[in-house]
Amino acid sequence: MSALGPNRVCALARIDVPIIQAPMTYIAGARLAAAVSNAGALGVIETTSEQGRADLRRVRDLTDRPVGANIALLFNRDPAVVDLLTDNGIRFVTTSAGDPALFTARLHDAGITVFHVVGTLAAARKAVDAGVDGLVVEGVEGGGFKNRLGASTMVLLPLVAAHVDVPIVAAGGICDARSMAAALVLGAEAVQMGTRLLASADSPVHGNLKDAVLRADETSTVLLPLDGNRVMRVIRTPAAEKLQVATSSGEGAAALQRVRRLYFDGDLDASVANTGQVAGRIADLPPAADIVATMWAGCREALAAAAQRLPPVGGD
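In terms of this note's numbering, the sequence shown opens at residue 30 and continues consecutively.
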């Protein structure tokens with residue numbers, strides 16, 4: 030139950046603060062997830078990498094609060110992942126990048142709540158039909174894999190909220206109290222953040238990448254073509270600009286194989302880093318707990334201040 034009243038996301042995730050950490054591959058491990066969960070929100074472990082799967086066990090040494098996990102269906106279609114999650118006490122899962130029907134029933138049978146990540150109204154309807162418990166509605170301004178024809182959070186979120194009855198987590202373009210307040214007004218019951226938590230004291234990435242986020246402005250990300258309608262939003266570096274004009278999808282795939290050199294060795298020329306447009310609004314590197322606390326308190330203040338700015342009905 031959140032301080033705003035009955036909140037289905039908080040109830041399902043068993044958390045106090047309706048903020049979820051995004052499942053960034055290689056980054057969303059035990060250290061960052063524990064910091065977020067210890068602050069009363071929901072830390073999430075990615076299960077795409079071997080390290081992420083190992084961190085499902087390690088995170089229990091760092092927190093006794095609820096922790097979630099993500100299954101990127103494009104990369105993980107092995108049903109054994111459900112047993113791995115169950116064995117490590119995971120009770121809340123987001124699924125993404127694939128058919129929501131693949132694991133939803135199996136996860137439900139294991140007692141796990143399932144939210145699916147969507148970027149269109151059609152995908153939202155498909156996920157609800159597949160029986161998911163909720164949705165992560167992600168606008169195209171967010172970092173990472175996107176639909177080339179996707180809509181912004183300002184357009185997509187209220188559209189989906191008007192057509193589904195399940196609880197919604199808003200993602201894309203959210204980094205502070207005001208953007209969280211806006212998401213709640215547009216129909217979400219919680220928010221998910223990646224770039225803001227990547228740029229935190231608890232993030233494991235190299236200082237060179239954090240500094241690049243701090244230097245970014247609102248134009249400092251680019252969409253890289255992948256295949257068909259898929260694109261990937263990354264922070265704008267010489268390496269990213271080179272790939273933006275490349276004609277070979279193989280070049281992009283090769284660059285992604287080197288992403289750990291960028292994330293953990295700080296070599297910004299080695300690869301490209303999934304980063305949202307909110308990089309242009311980030312100016313500091315506080316602990317994750319401070320980000321969560323400041324956002325939650327400030328969100329309520331922002332909603333109250335907005336109400337005070339409204340003119341009287343009928344001009345009275």
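The C-beta atom is built at its ideal place from N, Cα and C for all residues, glycine as well.
Exercise. So, helix, strand or coil for E218, using DSSP?
Worked result: coil
For this session: Assess, as a yes-or-no matter, whether the region 328-335 is touched by the region 227-246 under the definition of 3 or more beta carbon pairs within less than 8 Å.
Result: no
Exercise. With a CB to CB cut of under 7 Å and the five nearest residues on each side skipped, what residues in its chain are close to P187?
Worked result: L215, G216
For this session: Drop a sphere of 10 angstroms on the beta-carbon of P108, count the other beta-carbons inside from all chains shown, and report buried for 16 or more, exposed for fewer.
Result: exposed
Exercise. In whole angstroms, what separates the C-alpha of H235 from that of A219?
Worked result: 29 Å
For this session: Can you give me the start and stop residues for the beta strand (DSSP E) that N99 sits inside?
Result: 96-101
For this session: Helix, strand or coil for L252, going by three-state DSSP, please let me know.
Result: strand
Exercise. Going by DSSP, what residues sit across from L164 in a beta bridge?
Worked result: H145, I197
Exercise. Between G168 and V147, what straight-line distance do the alpha-carbon atoms span, to the nearest angstrom?
Worked result: 9 Å
Problem set entry | Exposure of Q221, with buried meaning 16 or more beta-carbon neighbours within 10 Å | buried
Exercise. V122 by DSSP, collapsed to three states: which one?
Worked result: strand
Exercise. Using 9 Å as the limit for Cβ to Cβ distance, is L252 near chain B?
Worked result: In the structure shown, chain B does not exist; there is a single protein chain.
For this session: Given a cut-off of 9 Å, decide if R89 and N117 are closer than it, judged by their beta-carbon atoms.
Result: yes
Exercise. In the region 39-83, which residue ranges form an unbroken beta strand (DSSP E) of at least 3 residues, counting only runs that do not cross its ends?
Worked result: 48-50, 72-75
Problem set entry | Own chain partners of P267 with C-beta closer than 7 Å, once the 5 adjacent residues on each side are dropped | D298
For this session: Name, in chain order, the residues that DSSP records as bridge partners for K271.
Result: For K271, which the question treats as bridged, DSSP gives no partner whatsoever.
Problem set entry | Residues near S125 in its chain [Cβ-Cβ closer than 6 Å; skip 5 each side] | A101, V146
Exercise. Which of helix, strand or coil does DSSP assign to N237?
Worked result: helix
For this session: My understanding is that L61 touches P233, with C-beta atoms under 8 Å, so please give their C-beta distance in whole angstroms.
Result: 7 Å
For this session: Could you have a look at R20 and say whether DSSP puts it in helix, strand or coil?
Result: Nothing can be reported for residue 20, as the shown portion of the chain is limited to 30 through 345.
Problem set entry | Bounding residues of the beta strand (DSSP E) (the contiguous stretch that carries F132) | Premise fails: F132 is in no beta strand (DSSP E) and is neither H nor E.
Exercise. Whose C-beta lies closer than 7 Å to the C-beta of G140 among residues of the same chain, with five residues either side of it excluded?
Worked result: R120
For this session: List the residues that DSSP assigns as beta-bridge partners of I264.
Result: T250
Exercise. How is the alpha helix (DSSP H) around G327 delimited, first residue to last?
Worked result: 317-337
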